[in-house]
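When we follow my numbering, the leftmost residue of the sequence shown carries the number 1, and every step to the right adds one. From the three backbone atoms N, C-alpha and C, an ideal C-beta is built for every residue, glycine too. In this text, all values refer to a predicted model and were calculated from it rather than measured experimentally. Read through the structure below, which is laid out as C-alpha cells, and then see the notes.
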Amino acid sequence: MKELQSISGYEYSDFETNPSHEYLLPTVLSELEKIKAGLGDREPRLFELGCGNGSVAARMSSLGWDVTGVDPSADGIEQAQKAYPQLKLARGSAYDNLAETYGTFPMLVSLEVVEHVYAPRDYAKTAFSLLEPGGAAIFSTPYHGYWKNLARAVTGTMDAHFTALWDHGHIKFWSEKTLTTLLVEAGFEPPRYLKVGRIPALAKSMIAITRRPRG
C-alpha cells in the first residue's frame with residue numbers, strides 16, 4: 001500500500017452524514033434497491049470507494065448490502081470504526097491495488113470522490129477492477145454544465161464554488177462529457193445520468209450509473 005499521508009488530509013469530526021447526502025441519498029438508495037432486486041441469488045455485496053466516516057455505508061448496510069469500504073482519511077476511518085464496528089471499513093485509496101486485497105463485487109459506490117483525486121484515470125481503473133463482469137457502479141460528483149456555469153459567472157459566485165482556499169478540497173470539475181470519457185476509457189459502459197439538488201440545469205450534483213461489461 002502506498003503511503004497515505006499526502007492524500008489523507010480530508011478531516012471528519014463525527015460519524016454523521018453531511019448536507020450533500022440530503023439530496024444524493026434518496027436517489028442513490030433508490031437505484032441501489034433496483035440493482036439489488038436484479039441480483040437474483042447472488043449475495044448483495046458492495047464496495048464503497050471513498051467511504052469517509054462510514055455514514056453512507058451504514059445506510060446501505062441497513063438496506064441489506066454487505067458493505068466493504070476504504071478511505072484514505074485517518075479521521076474518517078477512526079470515526080467509522082468507532083460508530084459502525086460491524087462494517088468492514090479500513091484505510092486505503094484508489095491508488096492501491098484494492099482488487100488484490102478485497103476481490104471483486106457485484107456493486108460499487110463512490111460518492112463525491114472523483115473531484116478530489118489527483119489521478120482520476122487511476123481512480124477509474126481501480127473502480128473498474130473491483131467489479132465483477134456485469135457488476136454495476138454508481139458515481140456522483142458536483143455537476144458542471146453551460147447554464148450552471150453561466151449562472152455562477154453572472155452571480156459572481158465562481159470563487160465560492162471552486163473552493164480554491166479549501167485545503168484538500170475539489171481539484172477536478174466534471175461535466176457529463178468529461179466523466180463519461182473517464183469511465184469509458186477505463187472500460188465501463190457509457191453511463192446514464194441523474195441530476196440531483198435544484199432543477200437539472202442548475203443541479204448540485206450528477207449521479208452516473210454504469211456497469212462493467214460482461215464480456
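Going by DSSP, what residues sit across from residue i in a beta bridge?
i: I77; result: Note: I77 sits in no beta bridge, so no partner.
i: R45; result: D66
i: P142; result: S205
i: R214; result: Paired residues: none, contrary to the question.
i: A137; result: L108, T210
Please state if the CB of residue j and the CB of residue i are separated by a distance shorter than 8 Å.
i: S55; j: P72; result: no
i: L39; j: M60; result: no
i: L24; j: M107; result: no
i: V113; j: A90; result: no
i: A127; j: L87; result: no
i: R214; j: P133; result: yes
i: T210; j: L183; result: yes
i: Y95; j: A119; result: yes
i: G64; j: K36; result: yes
Taking 6 Å as the limit between beta carbons, can you name the residues of its chain near residue i, skipping five residues before and five after?
i: G135; result: P106, R212
i: F139; result: S110, A208
i: G50; result: D71, S110, V113
i: L194; result: T27, I207
i: K148; result: L202
Go through its chain and collect everything with a Cβ distance to residue i's Cβ below 7 Å, but skip five positions before and after it.
i: L131; result: T104, F105, L108, A137, R212
i: V196; result: Y23, L24, T27, A203, K204, S205, I207
i: Y12; result: Because the pLDDT of Y12 is 48, which lies under 50, any placement of that residue in the model is unreliable, and the question is left without a value.
i: T68; result: F47, K88, Y102
i: E43; result: D66
i: P191; result: T180, L183, A208, I209, T210
i: A267; result: Because the chain is modelled from 1 through 215, residue 267 falls outside the range shown and cannot be assessed.
i: Q81; result: L89
Going by DSSP, what residue range makes up the alpha helix (DSSP H) through residue i?
i: P26; result: 19–37
i: T180; result: 176–186
i: K125; result: 120–129
i: E189; result: Careful: E189 lies outside any alpha helix (DSSP H) and carries neither H nor E.
i: A94; result: Looking at the DSSP string, A94 is not in any alpha helix (DSSP H), and its letter there is neither H nor E.
i: T157; result: Counting along the chain, T157 falls outside any alpha helix (DSSP H), and DSSP gives it neither H nor E.
i: E100; result: 98–102
Under 8 Å by Cβ, that's how I've got residue i and residue j pegged, so tell me the actual separation to the nearest angstrom.
i: S20; j: S205; result: 7 Å
i: S259; j: A83; result: A query on residue 259 cannot be resolved here, the shown segment of the chain reaching from 1 to 215 and no further.
i: E189; j: R121; result: About 17 Å separates the two Cβ atoms, so there is no contact after all.
For residue i, which residues in the same chain have their Cβ closer than 8 Å to its Cβ, ignoring the five residues on either side in sequence?
i: F173; result: E115, P142, H144, F162
i: K2; result: Unreliable positioning characterises K2 in this predicted model, as indicated by a pLDDT of 42, which lies under 50. A coordinate reading is not provided.
Specify, as a first and last residue, the run of the beta strand (DSSP E) that residue i falls within.
i: Y193; result: 192–196
i: L87; result: Looking at the DSSP string, L87 is not in any beta strand (DSSP E), and its letter there is neither H nor E.
i: F105; result: 105–111
With a threshold of 7 Å, establish whether the CB of residue i neighbours any heavy atom of the ligand ZN.
i: Q81; result: Absence of the ligand ZN is noted for the structure shown, with no ligands found whatsoever.
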